[in-house]
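Asks:
Residue numbers (mature numbering (1 follows the signal peptide of the UniProt record, and there is no 0)): -20 to -1, 1 to 300.
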């Protein structure tokens, strides 16, 4: 009798076994919506949780795909082109959830509130180009969803630097504020100013290393931004395959606008072009300074190509 009572007591006080992360991940039957619900309940304040369900059956959901960058690489063009697909629901604005502390502190419920309403068969996409170069972001995205599909659009690093400067220059001009010439940023004490933020953002291999600590390479699709400008359809086809979307976007969805000098979109007979801020002419830069810029990016580009197992037609790289 004493032995029976002792066994019953031990059974009652025995701690409950918590399933391992891998065991939880093996529940194939769990829907994305139910996973999202549980995640939100754990990470959001008690009174902040909302279902965000619309009467037509659509709902707000965490993105399954994020365009993580790069700044001035063509992220807006990529998002607009991808939105031609009926199975894509795209957030309109850059959310800056993972890189801005005041946003991140608001929790996942705030993040989901920034997403568009979408149907269960649709993929929700958001883009924030600053994610790629922000050190804290890869781990934060991983902690939210280890299976996230990431889109990274890159262009020639030297061209990206010039485009980066051009955007800031025009922003100042619109506010009637003076802004230094690009040479004043690129040159310091007679040498290339490698501390210039625009140059740092073009050191792709440094930032890519950080992402590869958390996500395998097959979860990151790199879009060639230079090719997207010249001939968008083949690049978008690759994105469709990466996201496992049915092939719905066609070559007829794109037409070249001679006035603007770049491709615009045609969807169900409706034509639209990117904002007039896109495709602005870059400032004239001395040839010798450009050569210095190209030479500086030679080794970083080589390291990046080795890292991703792929080369790009960037004139700052010459095969050796």
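We put the CB at the ideal spot given by N, CA and C, even for glycine.
Tell me, to the nearest whole angstrom, how far the beta carbon of residue 201 is from that of residue 287; I am working on the premise that it is less than 8 Å.
Replies: That belief does not hold up - the Cβ atoms of residue 201 and residue 287 are roughly 15 Å apart, past 8 Å.
Asks: Hey, residue 53 and residue 133: beta-carbon distance below 7 Å or not?
Replies: yes
Asks: Extract the residue ranges of the beta strand (DSSP E) inside the region 196 to 220, only unbroken runs of 3 or more that lie entirely within it.
Replies: Those beta strand (DSSP E) runs which fall completely within the region 196 to 220 and span 3+ residues are 200 to 204.
Asks: Do you know how far the Cα of residue 36 is from the Cα of residue 281?
Replies: 49 Å
Asks: CB-CB under 7 Å to residue 68, same chain, minus the five flanking residues each way: which ones, in chain order?
Replies: 62, 102, 103, 105
Asks: My output table needs one value for residue 139: the three-state DSSP class, helix, strand or coil.
Replies: Looking at residue 139 - three-state DSSP - the assignment turns out to be helix.
Asks: Pick helix, strand or coil for residue 242, following the three-state DSSP scheme.
Replies: In the structure shown, residue 242 sits in a strand (DSSP, three-state: E or B).
Asks: Mind checking who residue 161 pairs with in its DSSP beta bridge?
Replies: Looking at the DSSP assignment, residue 161 forms no beta bridge with any residue, so it has no partner.
Asks: Within 10 angstroms of its Cβ, does residue 60 collect 16 or more other Cβ (buried), or is it exposed?
Replies: Flag for residue 60 reads buried.
Asks: Indicate the three-state DSSP secondary structure (helix, strand or coil) for residue 234 in the structure shown.
Replies: strand
Asks: Based on DSSP bridge pairs, tell me the residues matched to residue 167.
Replies: 172
Asks: According to DSSP, is residue 107 helix, strand or coil?
Replies: strand
Asks: From the DSSP output, in three-state form, read off residue 261 for me.
Replies: coil
Asks: Looking at the strands, I want to know which residues DSSP matches up with residue 301.
Replies: Past the edges of the chain, shown from -20 to 300, lies residue 301, and the structure says nothing about it.
Asks: Throw me the rounded Cβ distance for the residue 182 and residue 137 pair, which I believe falls under 8 Å.
Replies: 4 Å
Asks: Whose C-alpha, out of 188, 121, 51, is nearest the C-alpha of residue 45?
Replies: 121
Asks: Check whether the region 152 to 164 and the region 69 to 84 touch, using three or more Cβ-Cβ pairs below 8 Å as the test.
Replies: no
Asks: What's the gap between the Cα of residue 75 and the Cα of residue 47?
Replies: 11 Å
Asks: Is the beta carbon of residue 207 closer than 7 Å to that of residue 215?
Replies: yes
Asks: Around the Cβ of residue 140, are there at least 16 other Cβ atoms within 10 angstroms (buried) or fewer (exposed)?
Replies: buried
Asks: Assuming residue 167 and residue 145 form a contact by the criterion Cβ under 8 Å, report the distance between their Cβ atoms to the nearest whole angstrom.
Replies: Not quite, the Cβ-Cβ distance comes to about 13 Å (not below 8 Å), so this is no contact.
Asks: Which residues in the same chain as residue 116 place their Cβ atom closer than 8 Å to its Cβ, once the five residues preceding and following it in sequence are excluded?
Replies: 78, 79
Asks: Using the beta-carbon count (16 or more within 10 Å), is residue 236 buried or exposed?
Replies: exposed
Asks: Distance check for residue 66 and residue 265, CA to CA, integer angstroms please.
Replies: 42 Å
Asks: Check each candidate in 253, 233, 241 and name the one with the smallest Cα separation from residue 247.
Replies: 233
Asks: Where do the N-terminal and C-terminal ends of the beta strand (DSSP E) with residue 51 fall, by residue?
Replies: Premise fails: residue 51 is in no beta strand (DSSP E) and is neither H nor E.
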